Amino acid sequence: MKFASINAKCPTYNEQQVIYVGAHTGSFKRIHVFDDNPYEQKNLQPIETLTKTSKVTCMEFGNAEQTEILVGRTNHFVKVFNTIDEESTSNFEAGKDEVVGLGRCDECIVVGSANGIVQIVKYPTPVEFSVGENLARMRLCPQDSKRMVTGGKLLKQIIKLWDLETQAVLFSAKNVRKDMLELEQPVWENDVVFVDRNLIASCSRHGYVRLYDTRGPQKRPIQGYTSNDPDDQLSFSCLASHGDYLYAGTTTFGARAFDIRKMKNHIHVYKGFTGTVSSIRVDPTGNHLVTGCLDRYVRVHHAHRTALEYRCYVKSKPTQVLIADYKERKVLAKNSTDDDEVEVVQEAAGSDAEYDELFSKMQTVNERSAGTNKRKADEENGSAKVVANGGKTSLSQKKKKIAKNK
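In the UniProt record's numbering, the protein residues as written are 1 to 406.
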């Protein structure tokens, strides 16, 4: 793929996908990568209302159907956005610090703040509890929304698994063994994700990616990657998972992929970046990797071939990105309509062929009117001949002939 132009798209990338971008300025955009103009960006947030504290710090889907997006900002406001109607449904304030985690649990919105306060927003009174200071990221488990994982800076914020019903710690990880000088290894869990219900992965600014199993008695990581090359000092900024693979963005060397079954070395390197990868996501198929970079580009790479498939300049520094399948949203919009209307449409669609065949055999209105006018003229002249009876004369004509013969 050539890099001559600012925006570029590979001809083989023809997926029906939608990319949502949250920016450093607070703008919230939508990009249809399958349109005739795949680089056109629609602002879903009025830019007149943005301030210096409107930076988007967290963005997550609110349901499995991906019809709702939760947007968290530095000014500790949370916006709920409907992707079908493309309009905001609610906007509320939660906590007293910037939002670092969002999710839904039993129709309640869970908000994690950087000061360590997690708030479960529900009626009539919200529930608040502390998970410790210096919180960097909070996520809910997609398979079990009552499970929450937290990670942050310093030793007190090593990976912890929480139960939202009891606000109790289910699993607390231990740091790796001390170094040769008997000093504790530095901890900075910059991002954490659920691989599945029991496996948790984390990445750090200190250059490691680790995998934890919450089922066994072992509290230390079961797999991990640490760069030992002095010329390749990595600092990981964001993390995503799909199946047996982890995808981590770095601050200097693009993004890398790891196999959780053997994490001593990375398996893929994604290039083309000139800044810190601020956000990384994987599409539902696991074939496409979308990233937001501080060089103001949103890119889509093929997850297995590492080829750059799409690149778009978004004018402001993207801090969060999401990718959704447009076909899935289209089907959901159809299912939300009235059942009676759907049945009527199906009946009309199924009877078109029958009606076409029936009307093709019928006589047109012009032909029938022309035949009627001709019969009236023949009767007035006394020489009407009925063709419809197979050429036979009518009963009244026979009586007239008998009377003449007599």
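The beta-carbon is built from N, C-alpha and C at its ideal position, and this holds for glycine as well. From a predicted model like this one, the values you see are computed outputs, not experimental measurements.
With respect to the C-alpha of A303, the residue from A136, I260, R281 having the closest C-alpha is R281. The alpha carbon of N287 has as its nearest neighbour, out of G243, T274, V121, S279, the alpha carbon of G243. Only buried fits D191, as 16 or more other CB atoms lie within 10 angstroms of its CB. In the DSSP assignment, L140 falls within the unbroken beta strand (DSSP E) covering 135 to 140.
In this structure T67 is buried. Its beta-carbon is surrounded by 16 or more other beta-carbon atoms within 10 angstroms.
Secondary structure at Y326: helix, using DSSP grouped into helix, strand and coil. The beta-bridge partner set that DSSP reports for D144 is empty. Using a Cβ distance threshold of 9 Å, V321 and G22 count as a contacting pair.
Short of 6 Å from the beta carbon of Y39, and not among the five residues preceding or following it, lie these beta carbons of its own chain, in chain order: N7, C312. When DSSP assignments are scanned along the segment 95 to 140, the uninterrupted stretches of beta strand (DSSP E) that are 3 or more residues long and fall wholly within it turn out to be 99 to 105, 108 to 113, 117 to 121, 127 to 130, 135 to 140. With fewer than 16 other CB atoms across the displayed protein chains lying within 10 angstroms of its CB, G216 is exposed.
Non-local C-beta neighbours of Y326 in its own chain, meaning closer than 8 Å and more than five positions away in sequence, comprise Q16, Q17, V18, H32, F34, ordered along the chain.
Secondary structure at I69: strand, using DSSP grouped into helix, strand and coil.
Under the three-state reduction of DSSP, K9 is assigned to strand. Scanning E309, D295, S279 for the CA closest to the CA of Y20 turns up S279.
For L155, the secondary structure class from DSSP, reduced to helix, strand or coil, is helix.
In this model, E87 and D229 are separated by some 48 Å (Cα to Cα).
K271 and G254 have their C-alpha atoms roughly 5 Å apart. With 16 or more other Cβ atoms inside 10 Å of its own Cβ, Y208 counts as buried. By alpha-carbon distance to V269, the top candidate from A136, N37, G249, R261 is G249. One Cα belongs to Q223, the other to T51, and the distance between them is close to 43 Å. Annotation: V277 to T252 spans about 8 Å, alpha carbon to alpha carbon. In this chain, the beta strand (DSSP E) harbouring L211 covers 208 to 213. The closest CA to that of R104, considering only E133, M148, F77, is found on M148. By the Cβ rule, the segment 132 to 143 does not count as touching the segment 175 to 184, because fewer than three pairs are nearer than 8 Å.
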